[in-house]
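A.B. asks:
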Amino acid sequence: MKNFSIVLIILMLITFTIYIYYSKTTVKILRVYNPSSIAIDINRNGRVDVNEKFTVNGVETLTSLQSDYQRDLAKSLGIDEEIALGIGYYAEKYAQSILLDKNVKYKILPDGTINISFEAKNYNKIMQMSAFAIKDKKAINKKKFNEQASLVKKVKLRIYNNKSNKYHHLDCKYGQMAHDSVILPINSIPKDAKPCKYCSDKSYKNKIAKSIKQKPTNAYEVKVISEAKPQKFTISNGKIKLILTDFTTHFTVDTKCTSEYCTELLKNINNSKHSIDMALYGYADIPDVTNAIRNAIQRGVNVRMVYDVDKDNGNYYNDTFKIAKMISESKNDSIYKKSKYMHNKFWIFDENVVITGSANACGTDFSEFNANSILIIQSPEVAQIYKKEFEQMYDEKFHDKKEIIENKENILLGESIASIYFSPIDNIITDKLIPFIENAHHYVYMPIFVLTHKKLTSALIDAKKRGVDVKIILDATGAGNTYSTHEELRKNGIPIKVENYAGKMHSKSIIIDDEFLVAGSMNFSKNGESANDENCIVIENPYLTKYYKTFFNYIWNKIPDIWLTKNPPAESHYSIGSCYDGIDNNFDGKIDNEDVGCIQK
Ligand SMILES: [Zn+2]
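Under this note's numbering, the sequence shown has 452 at position 290, and the numbering climbs by one with no breaks.
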């Protein structure tokens, strides 16, 4: 009896030791992002923590996401990209089926990757034998690999976007960017879903490819030298003209209409025959512009305006109510009485030309004292989209009372493809812009007024971690915003220069990979995305984008490196020209020599 008890105790001890040993060396797999990227529950709290995501060592595999690496891999495997993405999709499904929720043994290697095994089987071997993993860019099980390829060809996988109810080929960049999407065989896609025009219509795609090769017209070459003389920063390519204003060479504000932006505006007002619709945050009198609008009304042009009224029944700019009275056909958002702005700055002429961007109708923007990006687009199609948005607001439907406007993505504009978005309904930053950041391969440059948006901040940090060159030029008042995330970005190794000039860096732009440029009225803040009335355009055009990049580098090189770590006060001797411009640069109610920043040396 006594012996039996001892044996029992020993047995229990052994079981306990095995249990302790087992539970220490095995963990549950919580996520399988793709065959070589997983999350394991090291601390056993049942959820994925920051240091629990790993790359599985030595697993060479295809995935359903486009990348330069995968394109290269497809080439050496002798298959086209769409098939590679399809095999990648099945590889992900297979890895999930054998790994998810499994307890595995793991070992973290010195390079931070991980080795895993379960049920005495090696994961890499399983993947290679199923032909979902490869070795040295070659399929190990060639026969099986060819079977996978022909299966993919047969089922015709497509990316289905739940939100837009459109479907894309796996290698369509717009499909790859869609957020709320799933991959499905073509016969499982809802019957009423529409194919994406860009990737389904070969002639459309060819047309774009051909036109995008055309050289820009009236292009100015911008020389990137630190002491570049003041010059026009304007480029036209087909139906789009991009005006960038150089705030490093303009230190005075006047009410003359001599800038490229103002003279273009004037020309369009004077040429209008039928209608001018303007959605303006506010208006500060520029006599030439006011007179031109008055003349237009007198010759019978139907001039209408929508504008912002703030919660105190006022407007940021002095002459807004005066011009609204003169135009008479004007509406505002005063019935909403909330801290939401009608923050647009767009003009529609004869339902044919749209002028939009970050520039307000005021002296500081017309004089090129502030840095802005302005687009002039000649297109009845684009004008129709802006008109629909204007009509909603003219109907006194502002902010969250507006309805969604359909069919405003991937519009072919000769040399460019344009997609137009409106706040707050389009959830622009989260649903539209972040996917572009997530798909960036080479660089993301941002000349901007404000950056407080948290998800955008995370997306930029992730891009930097992937090796994308991320750079930001931020306005000095924007850097003073309590919620500005620029210090967090700096901590994560992203170079940010806070500008040191009198005028504001007032652009709200993103420039990506010599391919896409983003412009409009929307600041990169929560209010910009989900409260205000705003417009934002994404333009795919390599010439315009490269040109904007050159401009960005020109400004970047002019700002001293000291402002990579420090923030110059907006009204002080550190900000060039700000103590002599007659402007309250930092919104503290004090101008030039009254301001403490200008008194202190
Ligand atoms: Zn597509």
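Backbone N, C-alpha and C define an ideal beta-carbon position, used for all residues, glycine too.
Computed from a prediction, not measured in an experiment: that's the story for all the values here.
(1) Would you grab the beta carbon distance between MET667 and LEU636 for me? Rounded to a whole angstrom, and I think it's under 8 Å.
(2) Would you check if there are 3 or more beta carbon pairs closer than 8 Å linking the stretch 497 to 515 to the stretch 395 to 411?
(3) When a residue counts only if its C-beta is closer than 5 Å to some heavy atom of ligand 1, which residues count, in chain order?
(4) Since LYS367 and CYS358 are thought to touch, with beta carbons under 8 Å apart, how far apart are those beta carbons, to the nearest angstrom?
(5) Flag this pair as yes or no: are the beta carbons of THR188 and ASN265 separated by less than 8 Å?
(6) Could you check what DSSP says for HIS767 in three-state terms: helix, strand or coil?
(7) Classify PHE749: buried if its beta carbon has 16 or more other beta carbons within 10 angstroms, exposed otherwise.
(8) So, using beta-carbon positions, are ASP743 and ALA681 closer together than 8 Å?
(9) Anyone know if the C-beta pair for GLU214 and ASP333 falls short of 8 Å?
(10) Taking DSSP as the reference, what is the three-state secondary structure of LYS356?
(11) Less than 6 Å between C-beta atoms, sequence neighbours within five positions excluded: which residues of the same chain meet that for GLN338?
(12) In chain order, what residues of the same chain have a beta carbon less than 8 Å from the beta carbon of GLY655, not counting five sequence neighbours either side?
(13) With distances taken from CA atoms, which of ILE567, SER737, TYR548, CYS424 is nearest ILE448?
(14) Under the three-state reduction of DSSP, which class applies to GLY682: helix, strand or coil?
(15) Tell me the residue span of the beta strand (DSSP E) that contains GLU571.
(16) State the start and end residues of the unbroken beta strand (DSSP E) segment that holds ARG193.
(17) Can you check which of these residues, LYS369, THR417, PRO597, SER437, is closest to PHE552 by C-alpha distance?
(18) Please name the residue, chosen from ASN303, GLY240, ASN589, that lies closest to LEU618 on a Cα-to-Cα basis.
(19) Output the distance between the C-alpha atoms of ASP354 and LYS325, rounded to the nearest integer angstrom.
(20) Cα-Cα, which of ASN729, ASP695, ILE582, VAL463 is closest to GLU558?
(21) Which partner residues does ASN205 have in the DSSP bridge list?
(22) What separation, rounded to the nearest whole angstrom, lies between the Cα atoms of LYS328 and ASN205?
(23) By the 10 Å Cβ neighbour count, where 16 or more other Cβ atoms means buried, how is VAL212 classified, buried or exposed?
(24) In the DSSP output, which residue or residues are listed as bridge partners for ALA580?
(25) Taking only three categories from DSSP, how would you classify ASP211?
(26) Helix, strand or coil for TYR479 per DSSP?
(27) Ordered along the chain, which non-local residues of its own chain (more than five positions away) have a Cβ less than 8 Å from that of TYR336?
(28) To the nearest angstrom, report how far apart HIS412 and LEU271 are at their CA atoms.
(29) With DSSP as the reference, please indicate the residues paired to GLU696 in a beta bridge.
(30) Excluding five sequence neighbours on each side, which residues of the same chain lie with their C-beta closer than 8 Å to the C-beta of ILE455?
(31) State yes or no: is the C-beta of GLY519 within less than 8 Å of the C-beta of SER585?
(32) By the three-class DSSP mapping on this structure, what secondary structure does LYS418 have?
(33) Report yes or no: is there a C-beta of chain B within less than 8 Å of the C-beta of ASN685?
(34) For TYR645, count neighbouring Cβ atoms within 10 angstroms of its own Cβ and tell me buried if that reaches 16, exposed if not.
C.D. replies: This is what the structure gives:
(1) 7 Å
(2) As far as the Cβ criterion goes, the stretch 497 to 515 does not touch the stretch 395 to 411, which means the pair count is below three.
(3) HIS330, CYS334, TYR336, GLY337, CYS358, TYR360, CYS361
(4) Contact doesn't hold; Cβ gap of about 10 Å is too wide.
(5) yes
(6) Absent from the structure is residue 767, since the part of the chain shown begins at 163 and ends at 763.
(7) exposed
(8) no
(9) no
(10) strand
(11) GLN228
(12) LYS626
(13) Among ILE567, SER737, TYR548, CYS424, the Cα nearest to that of ILE448 is on CYS424.
(14) strand
(15) Unbroken run through GLU571: none, as it is neither H nor E.
(16) Element bounds for ARG193: 188 to 196.
(17) The option with the nearest alpha carbon to PHE552 is SER437.
(18) Nearest of ASN303, GLY240, ASN589 to LEU618, Cα basis: ASN589.
(19) Our two residues, ASP354 and LYS325, have alpha carbons roughly 13 Å apart in a direct line.
(20) ASP695
(21) According to DSSP, which records beta bridges pairwise, ASN205 is partnered with nothing at all.
(22) If you take the alpha carbons of LYS328 and ASN205, they lie about 42 Å apart.
(23) exposed
(24) ILE573, ILE701
(25) DSSP, reduced to helix, strand and coil, places ASP211 outside both helices and strands of the structure shown, so it counts as coil.
(26) coil
(27) HIS330, CYS358, TYR360, CYS361, GLU571, ASN572
(28) 56 Å
(29) DSSP, once it has assigned bridges, lists SER585 as partnering GLU696.
(30) ILE431, ILE438, VAL465, ILE485, MET488, ILE489
(31) No, they are not a contact pair.
(32) coil
(33) The structure shown has no chain B; it contains just one protein chain.
(34) Burial check for TYR645: the Cβ neighbour count within 10 Å stays below 16, so the residue is exposed.
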